[in-house]
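In my numbering, the protein residues as written are 5 to 641. The beta-carbon is built from N, C-alpha and C at its ideal position, and this holds for glycine as well. Following: one structure in structure tokens, then a few remarks.
Take a look at the structure:
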């Protein structure tokens, strides 16, 4: 293979992403690891490295002989028919033969299935991938078709976390996770740019320069695969793996298995005959970052200090179970020495230390030591969705017309997906009752498939941070409610903005963004106290929604107001707040008002605001008990 030239960017030429290259290589050595998800900003060689790996995989042997391993790219907007396969319409129309055409999952068998922007993949396609990854086969039962074919692939997904997160079920299916970022080292950045410019100038010459290095990597992958079954995993290292996973509170046993497989693959990659502690540490750093995360707002990845602590704790467990070299107590101390003080259960605490809590702020900010995930832990917000059917901005909240969702009905054919059953039924209706033989299908019989999926929305939070809220010690509860709602928005891939209402005006605390963890961070730092200019809050939210409609006309908006309704400041503040709410409602914006009013005497002002907004009213206790209505009605224009 030495000297082979490729016009693709060479794997060995990727610089500054050593951990990414190692993760991809180990998945190539041991496909049973389960693939890798690569998270990072744009321009960090994610796609380049994945595509370059495919050329280095060992060939695949099947009934037709030997062929190169394939890299199959799954488009985010692919239809179900394209992914799993469907009836061959051309054959059935031309000669009446019922033939089946396999989909992309068949082509990916024993190769790489690559999904760019995997976090934007529609839910129904995620379900298909989960089934295929779990069983290694694809079963198709639809429209009178019953087919099954093997589909064992290395799943590689790349994503920008600012565009939203993955479903936990799919994230767990990825064996390894790597976070990539552009290097801050000047020399490395220069090298990246120089290599890319050289490649663009003459791809063939550039490929030739790295052909021998790529050939060496390909040969090493093949050798590691061949020796994989002979690599030993001692009980000592297996205990170390189990102890580390227990220290990180890894759910289930998939994490332990993936760490074990990755450690074996790393040992094989090194040319070793047995797994060592170093192999386990590499495996832990690659296989556990996405399994340790307990909440969408926890920081991704594994801190080196936390890994050190977990490995030290695992080492203690390993040492405790090693055979006693002096079982009869005849050592230097005769077995009667004083106990080691470090053996005392109170002497050390091997568990990772929690961040130090800071004192409550004196300038009436949200308590800085509070974890936003724990604040909102008691609020189980149901899916709030806008009624009607939207245009299908990528996401998981409200119903929408899409090109790749589930088929809901047959409609007039205008290109795109064909509704087979609807087409056949129309042809049958047109057919003469006395006709015999095969069914004839004309162009006028064709019926299209109307599909429905889920869309993401623009969620604008109007948060009352005034003195009337803070004075009743409700700020923590309100913050908890907002964080719970933000978590829901995070998981549904919405764009989120936060408008803070306090003092003399409203402030856009967070402009519309998909990075909802940024919204939580800024919410924690928001100042509180002062008057309650609710009218300004609604008008500011209206401006935010209007600007977003210019940028993304198809993305519908939902305004969630968290307040006790006690508008203050300026002349007739309550009436001005109602009029501002009515103006927002006139733009056909869906609304929810979370009523935070408490006490013996209640004025019901938040409920009146909900009526002015023509939206849904829910109290804070109702939100806490997960009784929020599922559908939020958009105000009629």
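Residue 563 is positioned such that its CB atom lies closer than 8 Å to that of residue 595. Here residue 118 is bridged, per DSSP, to 77, 160. For residue 84, the enclosing alpha helix (DSSP H) covers residues 84-88.
Per the coordinates, the alpha-carbon of residue 599 lies some 22 Å from the alpha-carbon of residue 514. For residue 180, DSSP records a beta bridge to 40. Each residue's CA atom was taken as its position, placing residue 417 and residue 426 some 10 Å apart.
Pairing residue 578 with residue 549, the inter-Cα distance amounts to about 23 Å. In the DSSP assignment, residue 245 falls within the unbroken alpha helix (DSSP H) covering 239-251. In this structure, DSSP gives residue 561 an extended state, which the three-state scheme calls strand. With the rule of 3 Cβ pairs closer than 8 Å, the stretch 176-195 counts as touching the stretch 42-60. A residue is called buried once 16 or more other Cβ atoms fall within 10 Å of its Cβ, and residue 161 is buried on that count. When beta bridges are read from the DSSP output, residue 29 appears opposite no residue.
In the structure shown, residue 13 falls within a coil segment according to DSSP collapsed to helix, strand and coil. Nearest to residue 126 by C-alpha distance, out of 112, 617, 174, is 174. Nearest Cα to residue 72 within the set 60, 506, 25, 151: 60. Using a Cβ-Cβ distance cut-off of 8 Å, the stretch 192-207 and the stretch 218-231 are not in contact, since fewer than three pairs of beta carbons, one from each stretch, lie closer than that value.
A direct Cα-to-Cα measurement between residue 28 and residue 558 gives close to 38 Å. Under the DSSP assignment, residue 266 falls in the alpha helix (DSSP H) whose first and last residues are 258-274. The shortest CA-to-CA distance from residue 144 to any of 286, 503, 110 is the one to 110. Judged by beta-carbon spacing, residue 130 lies within the 8 Å limit of residue 171, meaning their Cβ atoms are closer than that value. Residue 574 and residue 534 do not touch by the CB rule: their CB atoms are close to 13 Å apart, not below 8 Å. Counting only the Cα atoms, residue 286 lies some 7 Å from residue 267. In the displayed model, residue 445 falls within coil according to three-state DSSP, outside both helix and strand.
When the beta-carbon positions are compared, residue 566 and residue 468 come within less than 8 Å of each other.
Around the Cβ of residue 325, a 10 Å sphere holds fewer than 16 other Cβ atoms; the residue is exposed. 8 Å or more divides the Cβ of residue 81 from the Cβ of residue 107. 8 Å or more divides the Cβ of residue 138 from the Cβ of residue 16. Counting every other CB atom within 10 Å of its CB across the protein chains shown gives residue 152 a total below 16, marking it as exposed. According to the DSSP assignment, residue 468 belongs to the beta strand (DSSP E) that extends over 462-468. Going by beta carbons, residue 613 and residue 582 fall inside the 8 Å limit. 8 Å or more divides the Cβ of residue 74 from the Cβ of residue 136.
In terms of CA proximity to residue 421, 452 leads the group 540, 434, 452. In this structure, the CA atom of residue 179 is about 10 Å from the CA atom of residue 293.
Assignment of residue 505 by DSSP, reduced to helix, strand and coil, places it in the strand class.
Counting the other CB atoms within 10 Å of its CB gives residue 449 a total of 16 or more, which places it among the buried residues.
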